[in-house]
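Residue numbers (the numbering used here): 101 to 177.
Note that CB positions come from ideal geometry on N, CA and C, so glycine has one too.
Here the structure is a predicted model, which means the values were calculated and not measured.
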């Protein structure tokens with residue numbers, strides 16, 4: 101049954117740096133969420149698990165971000 105399958109987003113491992121800042125130029129294009137949306141999810145405790153501060157910018161560990169995206173995604177057909 102396809103509807104319960106999760107997509108494999110490991111292709112993003114090659115596209116993203118080890119830590120992905122919310123200010124990353126292609127953030128929305130590659131992630132599918134705006135940085136503000138993920139900031140709001142962080143405040144609600146629903147964002148990616150591993151995040152750090154790089155200066156004044158929040159960044160996410162690449163593998164943690166991809167795992168979070170896979171958990172929120174599903175194959176439609």
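query: Inter-residue Cα distance where the pair is residue 116 and residue 154; result: 16 Å
query: Residue 119 versus 172, 169, 152, 174, residue with shortest Cα-Cα distance; result: 152
query: Per-residue DSSP class, three states only, for residue 161; result: strand
query: C-beta atoms of residue 130 and residue 170 nearer than 7 Å; result: no
query: Beta-carbon proximity of residue 132 to residue 141, cut-off 7 Å; result: no
query: Alpha-carbon spacing of residue 123 relative to residue 157, whole angstroms; result: 7 Å
query: Terminal residues of the alpha helix (DSSP H) in which residue 176 lies; result: Run containing residue 176: none; DSSP gives neither H nor E here.
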